[in-house]
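Peer 1: Pasting in a structure now, in structure tokens, and then I'll have a few things to ask.
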Amino acid sequence: MSNITTVPAHIAARIAARQQAGTKSSIASAIVGGDGVSIPKISIRASRYRLNEDGVETTVGVTLDTIIVGANPRVSKVFYAKAFDAAAENVRPDCVSNDGLKPDAGIERPVHTACSDCPNNVLGSKILPSGAMSKLCADQRHIAVVAAADPSKVYSLTIPVTGMKALRAYFKELGNYGIAPEEAITELGFDDSASYPKITFKQKGFVPEKATARVDNLLLSDAVKVATRVIPPQAVASLAAPSVKVAIQAPAVDDAYEDEAPPPATPPVKAAKPVVTPVKASDELAAKIDSLFDE
Numbered sequence: 004m005s006n007i008t009t010v011p012a013h014i015a016a017r018i019a020a021r022q023q024a025g026t027k028s029s030i031a032s033a034i035v036g037g038d039g040v041s042i043p044k045i046s047i048r049a050s051r052y053r054l055n056e057d058g059v060e061t062t063v064g065v066t067l068d069t070i071i072v073g074a075n076p077r078v079s080k081v082f083y084a085k086a087f088d089a090a091a092e093n094v095r096p097d098c099v100s101n102d103g104l105k106p107d108a109g110i111e112r113p114v115h116t117a118c119s120d121c122p123n124n125v126l127g128s129k130i131l132p133s134g135a136m137s138k139l140c141a142d143q144r145h146i147a148v149v150a151a152a153d154p155s156k157v158y159s160l161t162i163p164v165t166g167m168k169a170l171r172a173y174f175k176e177l178g179n180y181g182i183a184p185e186e187a188i189t190e191l192g193f194d195d196s197a198s199y200p201k202i203t204f205k206q207k208g209f210v211p212e213k214a215t216a217r218v219d220n221l222l223l224s225d226a227v228k229v230a231t232r233v234i235p236p237q238a239v240a241s242l243a244a245p246s247v248k249v250a251i252q253a254p255a256v257d258d259a260y261e262d263e264a265p266p267p268a269t270p271p272v273k274a275a276k277p278v279v280t281p282v283k284a285s286d287e288l289a290a291k292i293d294s295l296f297d298e
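The numbers in my numbering rise by one with no breaks, and the one at position 147 of the sequence shown is 150.
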């Protein structure tokens, strides 16, 4: 490890210029930052919630309390030419469409010019080991969340097709009580009856009054638009909103790949419909969240 104690004036000037322009060294980015861009994201590898930022992964556990602050309004698509391999790391998808209409501009060899006519986007183009029909190009949803216990960063979370039904049911159940997703503390969990990481959603409490204005400000922020893949990070000159720290980058690997693992040989126990009880958060959690949003 280098022992940097004094930076010469001309190097300091170059550092300041890069920081002002929001650029990085292309050499360092090739090693540290991959393609030079990355978003703080939540991985669900091996049925554990893991916070990933700048190449550093922090394992949280089987549950994570969050506040949902954004969602891509369209169903996104992701295609991998090779079968899932649990031992493989940093596998990039062969084709991606964040708007579900056409391949993203960064895809070098798109399978088709439009998702609606793509042969990989047809039900039955993939047959699961159980015999059920699926699609080679998987559906997924991109949402943006902040950790309820540390709402200082906007994280991107990919909901694979296996969790999309539960997400929709959860939002509808909240709506039955007139609750907006950004008003609830949402506990992310995993379905124990599934042999692969299958996300579950549970309402655990409410966002405290002093935090609602700050959460509302996040809803239409550039940070959320980037996390939900509505806009690419390159389109935003500066993502840092007051009191919210956001890294400037797009993920190279999507968790949807690992969620394409074969389902159990026998049908899993049908999970009960998510039930939302408009309960008050525990005193301990509420007090912790309140203190985090104190000015």
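Cβ atoms here follow ideal geometry from the backbone N, Cα and C, with glycine treated the same way.
Which runs of the alpha helix (DSSP H) spanning at least 4 residues fall entirely within the segment 176-235, listed in chain order?
Peer 2: Taking only runs of at least 4 residues, the alpha helix (DSSP H) segments lying wholly in the segment 176-235 are 212-222, 225-230.
Peer 1: Go through its chain and collect everything with a Cβ distance to Y52's Cβ below 8 Å, but skip five positions before and after it.
Peer 2: I45, S46, T62, V63, G64, V65, T66, L67, L191
Peer 1: Out of G103, Y173, I162, S155, point me to the one whose CA is closest to K205's CA.
Peer 2: Y173
Peer 1: How many Å lie between N101 and R232 at the Cα?
Peer 2: 6 Å
Peer 1: Residues in its own chain within less than 7 Å of A201 by CB, not counting five upstream and five downstream?
Peer 2: The question names Ala, yet the displayed sequence has Lys at residue 201. Leaving aside the five residues that flank K201 on each side, the residues in its chain whose CB is nearer than 7 Å to its CB run, in chain order, T165, G166, F193, D194.
Peer 1: Taking just the CA atoms, how far does Y83 sit from V148?
Peer 2: Going from the Cα of V148 to the Cα of Y83 covers about 26 Å.
Peer 1: Nearest-angstrom Cα distance between K228 and Y158?
Peer 2: 11 Å
Peer 1: Are I70 and A226 touching if we call contact CB-CB under 9 Å?
Peer 2: no
Peer 1: Between N55 and V218, what straight-line distance do the alpha-carbon atoms span, to the nearest angstrom?
Peer 2: 22 Å
Peer 1: What do you get for Q3, buried or exposed, if any count of 16 or more other CB atoms within 10 angstroms of its CB means buried?
Peer 2: It is not possible to answer for residue 3, since the shown part of the chain is limited to 4 through 298.
Peer 1: Given a threshold of 16 other Cβ atoms within 10 Å of its Cβ, counted over all protein chains shown, does K168 qualify as buried or as exposed?
Peer 2: When all chains shown are included, K168 counts as exposed.
Peer 1: Is it true that the CB of T189 sits closer than 9 Å to the CB of K175?
Peer 2: no
Peer 1: Could you tell me the alpha carbon to alpha carbon distance between H115 and P76, rounded to whole angstroms?
Peer 2: 22 Å
Peer 1: Can you look up N55 in the DSSP assignment and give me helix, strand or coil?
Peer 2: strand
Peer 1: Going by beta-carbon coordinates alone, are P122 and L104 separated by less than 9 Å?
Peer 2: no
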